[in-house]
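Novice: Structure in structure tokens, see below.
Okay, here's the thing in structure tokens:
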């Protein structure tokens, strides 16, 4: 993938540990009426890739779609499940036409292409549900930077539409392969189980992201505990920002999956419920781990600040010890640098050596004093 | 608009990054009974501008209102929707008369002119609902300062009244233009959809405010991370204050829109619900973003404080290194400035140069010592 | 009023910005059984003043009560509303007798005289409700000090009893005047509307207190932002304490009014509900403002601490610059103060001036060094 | 009481303001099965004292119990109420036998003797309820130390059992005296009112503890505000720890009393409900006050830290002023201590006095400089 | 046990108080379908030990299982309760086969071997429930390090399966012994009571862990209060991390046990409910104690930081006192080291002694000045 390579070229230097995160807002022209599709993600030149997979117990067809008419839903009679895997959401015209083929609400289409939309679940009365969430990718590891990819699903009785940004390779390839190889339960079940399998890929990926975040936290903890001079709160800040971002993207999933489980829903069959419950458990575990990371990070920041204070203390002690030893000595030698006519000590035979002795006594006394205070 | 120009004149200097925010309180004369209208916003000399728009599928009339009698609701038989766009709420007498024409509750009128009232929704049994919210404007960008404009709506079965402060141009012009050009769904639908369209303008504006806040946060983050000397916590404080203010103004909308959706409401038709749900999503996204900004700001303040501490550390180290090098040297030259009669070194041929050698050794030793401690 | 004058005498000096807040506890003699009345407020010598107001649409009677028998509730047949305005709650015997006349629960009477009791609402099955809240007064403005006055109401079907501490003038005078002048709706309505009107006076007073708190916050904000030396966290603390106190006194009102609105209550008629809802909105606005004040105050404390740190930084820099300039110079002059027999420089014709040149170079070099570090 | 005396002997010195709080855990032998009684409180040699009080409207009997058989519940027919006041819970065998006499659940008995058990309410189907709470005592006042005493009640239809630790005198003596003197409602009512009266004693005691805590807070506040040098965060910490502890012991009472009021409970008669509601109010007031103390304490800690910082600032300023005045002077006298052959100033008649003049100018200049910076 | 020994060898040195906690993630191969068992715990070579215990009132059989067929559930007719105690969960094949014998859901089996799974309760419609929790062990005491062991239960009508990691000895030995010795109620009751007894062992162990944490906290508190130099925030951090970890592992138990009690559950009989309620109380007590430890720890960190600041203050004072005494003295001796031709004092007979007198006066003055400021 060209993009990951690019990120290697633009690898951030050590001097600038915090990568600028570009914010993308929903900037809709105020003159357009609501329901007008506006793609606001990064510019991409590749054309949208669509793949139509049809399968049931016996059958498996997987063809790239060339004209929009091939995307048409299967006739009612045909006992196959259709999965339309749309890779790229920047061609809003195409999305709009697809929406009309499947008779989807225009606001739903707007959410598919709005890459900044929060994860959400919407159950429509017309017999389909809409679900959008974020795939997370670790873009760079040190300093860690996580990017999100906007993924949406429309689940009908006999079909599943999946939409993803054209940022990375198709993230659903593993499920596709499993489907083709007829491994597991994926093919024996309906589109509800397929939706679970695809979401499971996304959530499993969260664990990978979590592991990288954990590695980054371990490294930072190590730096803080060893009192490394190079570390600054900026790195803790960068890590915290990524955790906050990841949490915001994952948090809404909790309620969404819960709603899917609780609500009596014609689209999710009873057999699929335990799998969705399992998914819910995994999401809870991800959120729980993120929260404990955030808590540890906050404590680490305190430790770091106290380390700085301690270091300052030690600098001050060094200064004080030096001053307290050399100030009296300098004073003593100053005394015998005075030019008074009558200074008895100056005439003494061993006066010079007596002064050295005095200074030795003062120095040793000072050192003992500071030793007793445990300053050296 | 005269006001925005004014704010350019009074542009805050860089030395005073925090603009004083004037607080306006509901100061009701204790002798007046509740329900007495009291306008407490800034003094404005312009006269209230009222515009009556009447429309249905075929028809569109838009006339400025000259006498109050033109504001009268349409007869029951007439199949048009009336939108009364009132620009200016400082003439309380006029508002009161309007209220009587439409038979509105006096406490409702009080809330229309009370520019400090929090956003709220009130559903009256008499077949109309009242809704008030805040339009936010970015008054100055650096330091960022957000002002709010009090906007109220009364939605009846066949009419919509909108009230706004006479601070800026009419903020609803885009909707008016769309209505006239017959673009979008606005004209085919009832006053409930019109209300949505007007609120959508306000919420879309929140995203613009959010973007400016985000720019300001980016700039501040950049300053903090680069450890800029010029930055002070005051700027973080100013930014936080604006975020807090914006959040307070937007937060109640969440419950208001939710209530509109959930409650079985004769005034909001079923077809409009998805649009209100969309609005709700956008409000949630705004609030969510504000919260993450606030969280980042709090972390930035910590980073800033640790930067100050680190800088102090480095100042102290400089002082200590200087003291630790020059104190011993000054002591040594002091020794040979003593006037003892008998000091053997003074008589030595190269004594002076030996002393220079000694001092060089001491200096180099000190430098090595501090290098080993990584202080220089 | 004698008390306010007194507080002028005892005006706190600037050196002691935090006035000691005297805490008053419910100290009940352990031997008395519950329900025994104990007044714990400040000692007051004035006698309790009672005023009986009777009114309906046509009629208005307002007489000071001389003997307890005049306090008797009106006969059932008489179509008047009785308001008994009791000013002073320190004569527990009198309160007890009043309670018997109106057949009130002894625990209710205990709460009327317990000036430390939190605001609460209690609906009794016997056809009356009890409500107690706090009137807030600004006692001193700089430093701000808020005192609370214990106010209680008993609302029956045909009567309203109001009790207040004998601290200030009768706070209900405005309502009394309005009632007499027949201004507003107060006289056309029942005791439920009268209760609203009285509580509205209390809540309106909260806005006045809020304004003073806001002024105090503005002043403090100004001090903090200008980095005033005189300010200390103590003033922030005093302000925070008053805010905390005010919040504690007002917070329970939220639930109380809400309960009055929601619960199907024979004592509050349907027509009065919108007024209570209005009251609820005002209370929410007060609480909301207090919360935002508290939040700003917390941020101000952080700004103040960082200002102190910055000031320390600047002190340290001054010290370091002085040391770094004069230590090398003192060392140099020390060198040529040595008494070695052979020191070639001492014999040089312009040696003295060369040394001055050397010292000038060192000084200029140091100044450039610190300029480059932006320390001066 | 021997214990209070003891605590006078062991009075903590001023050097160690934080008394070690001994933690007592439920250490059950892993081999014993649940329901086995284990007393874990301090070792006590006194024998358990049991008192049987029987009363109704006419009758009052109060006898110390000598053999267990006297503890037997009254026959069903007899119209008396039995109160068994058990003072001492360390003899588990005795408790176990009592439990069998009254047919109590073994887990209930376990909770009576487990002095570390949290306050809880348990309503048993067999017609009795179990309630355990903590009596708080102020053990030492400065530094404040609060100890808790484990108190349990079993309320049956016709009897009340009360259990307390043998730490202090019988805390229920006031109620007993009131009962004997036939003062108040205690004797006319059933065991539910008696339970209220006993709990009221405990809660009234909380107010006494609260007052001592308030005194301690006042004293600390005073120290912090006056910037006393002697104070350290340790004292704030000790105070906070006691507040935290008290809050943990009282907090569960809130839900317990609430449950007693709400639930339709055969054991608590309707007439007693207002008294329990009164108790609930008092508990809320205690908790509310504790929370505000904790909040103030947190602010005080901040004030204290800023005081330390300010003091450091002032130390640094002193040092800097001294250095900035004496370093230039020392440099000047060093210049004229040099031994150059040709130094014109040394030959001048009034050179020495000119130098004094120069030094006076430098000193005065420095003092003005620091005065302008407000450092002195 | 080999592992505990190992931990003695790897005992952390005092220089590195924070042991690296290894994080274990659920890393599932993306190609495997959900429900595939993956053991992710540490590698263990021991074979899984299984023990089949069968018992009822009269009978007790306890045999190690040699072939899987012995694990088969008892026939329906046989009136015995089977407890299968599986010690070791790393052999996923074996777990899978066991799951088939008892007809368990594959996702349940996945949770048994996923040692990172959070505690959870799942009630299956097929007449069994699944429950997983964490046994906590104190691995090292100073610095404290807690490890968790993954424990799972499957409760059927007539059987109980228990699974534990092969890390320590069988933790359920005490219950087994009690069962064999027919002590207590364990044998007279069904598998629901047995489940309680086993969970009770786990929860009792929490108290032991809590005690060690309390000891560690006591030690740290002592260090902080005595202002020990050796202590750093790192130790507080390590302690906090362990508390956070323990809390996360125990917290979910609260809801789990609550759900067991509330829900009408065929598997838990009414007689067992009080025991589960007792368990719930103990869990609440553990959580409550952990929370109060965390709160104290946070306060201790503040105390520690203020101790550091105070120490810095005292260092600075020492430096300032030294400087303020010796700088004037050095200046004075410098004055009389000047070489002016005309310096009257130098000619005075006792000039030298006068200077000593002057210096004594300056020194004493300084000392008095600093004494008055309480700096020495």
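Chains as they are written, first to last, in the numbering used here: chain A, 4 to 379; chain B, 4 to 379; chain C, 4 to 379; chain D, 4 to 379; chain E, 4 to 379.
Beta carbons are placed, not taken as given, at the ideal position from N, Cα and C, and that holds for glycine.
(1) Residues of chain B with a CB under 8 Å from the CB of residue 342/C: which are they?
(2) Should residue 363/C go down as buried or exposed, given a rule of 16 or more other Cβ atoms within 10 Å for buried?
(3) When burial is assigned at 16 or more other CB atoms within 10 Å of the CB, is residue 81/D buried or exposed?
(4) Around the Cβ of residue 357/C, are there at least 16 other Cβ atoms within 10 angstroms (buried) or fewer (exposed)?
(5) Grab the span of the alpha helix (DSSP H) containing residue 326/B for me, first residue to last.
(6) Can you find a C-beta in chain H that's less than 7 Å from the C-beta of residue 138/C?
(7) Out of 71/B, 199/B, 85/B, state which residue places its alpha-carbon closest to the alpha-carbon of residue 64/B.
(8) With DSSP collapsed to three states, give me the class of residue 351/B.
(9) Is it right to say residue 269/E is buried, meaning 16 or more other beta carbons lie within 10 angstroms of its own, or is it exposed?
(10) Take residue 287/A and list the residues in its own chain whose beta-carbon comes closer than 8 Å to its own, dropping the five residues that flank it on each side.
(11) Whose CA, out of 111/D, 321/D, 122/D, lies closest to the CA of residue 370/D?
(12) Per DSSP, what are the beta-bridge partners of residue 143/D in this structure?
(13) With a CB to CB cut of under 8 Å and the five nearest residues on each side skipped, what residues in its chain are close to residue 190/E?
(14) Under 8 Å between beta-carbons, which chain B residues line up against residue 311/A? List them in chain order, please.
(15) Relative to the alpha-carbon of residue 236/D, which residue among 309/D, 166/D, 201/D has its alpha-carbon at the smallest distance?
(16) Taking CB distances under 7 Å as the criterion, tell me whether residue 336/C reaches chain D.
(17) Taking Cβ positions only, does residue 62/B come closer than 7 Å to chain C?
(18) Excluding the 5 residues preceding and the 5 following residue 33/E in the sequence, name in chain order all residues of the same chain whose CB lies nearer than 7 Å to its CB.
(19) Express the C-alpha separation of residue 246/E and residue 372/D in angstroms, rounding to a whole number.
(20) Go through its chain and collect everything with a Cβ distance to residue 261/E's Cβ below 7 Å, but skip five positions before and after it.
(21) Consider the Cβ of residue 213/C: report whether some Cβ of chain D lies at a distance smaller than 7 Å.
(22) Mind checking whether residue 51/A and residue 94/A have CB atoms under 7 Å apart?
(23) Any Cβ of chain A within less than 7 Å of the Cβ of residue 121/E?
(24) Taking contact to mean at least 3 C-beta pairs separated by less than 8 Å, is the stretch 128 to 146 of chain D in contact with the stretch 154 to 162 of chain D?
(25) Identify, in the order they occur along the chain, each residue of the same chain with its Cβ nearer than 8 Å to the Cβ of residue 332/E, setting aside the five sequence neighbours on each side.
(26) Please state whether DSSP places residue 123/A in a helix, a strand or coil.
(27) Could you check the C-alpha separation between residue 115/C and residue 205/C for me, to the nearest Å?
(28) If you run the structure through DSSP and keep just helix, strand and coil, what is residue 346/A?
(29) In this structure, does DSSP put residue 222/D in helix, strand or coil?
(30) Is residue 211/E near residue 250/E, with beta carbons less than 7 Å apart?
(31) DSSP state of residue 64/C, grouped into three classes?
(32) If we call anything under 7 Å between Cβ atoms a contact, is residue 198/D one with residue 219/D?
Specialist: Inspection of the coordinates gives the following:
(1) 339, 340, 341, 342, 346, 349
(2) By the neighbour-count rule (16 or more Cβ atoms within 10 Å), residue 363/C is not buried but exposed.
(3) exposed
(4) exposed
(5) 276 to 338
(6) Annotation note: the requested chain H is absent from the structure, which comprises protein chains A, B, C, D and E.
(7) Among 71/B, 199/B, 85/B, the Cα nearest to that of residue 64/B is on 85/B.
(8) coil
(9) exposed
(10) Residues of the same chain with a CB within less than 8 Å of the CB of residue 287/A, apart from the 5 flanking positions on each side, are 257 in chain order.
(11) 321/D
(12) 148/D
(13) Its chain contains 58, 59, 60, 63, 182 as the residues whose beta carbon lies nearer than 8 Å to that of residue 190/E, once the 5 sequence neighbours on both sides are disregarded; these appear in chain order.
(14) 309, 312, 313, 316
(15) Out of 309/D, 166/D, 201/D, 309/D has the C-alpha closest to the C-alpha of residue 236/D.
(16) yes
(17) False, the Cβ-Cβ gap to chain C never drops below 7 Å.
(18) Note that residue 33/E has pLDDT 44, beneath the 50 cutoff, so the model's placement of it is unreliable and the number below is only indicative. So no residue of the chain qualifies.
(19) 54 Å
(20) Within the same chain, residue 261/E has close Cβ partners 283.
(21) Not flagged as an interface residue toward chain D: residue 213/C, since no C-beta distance is shorter than 7 Å.
(22) yes
(23) yes
(24) yes
(25) 362, 365, 366
(26) strand
(27) 17 Å
(28) coil
(29) helix
(30) no
(31) In the three-state scheme derived from DSSP, where H, G and I count as helix and E and B as strand, residue 64/C is classed as strand.
(32) no
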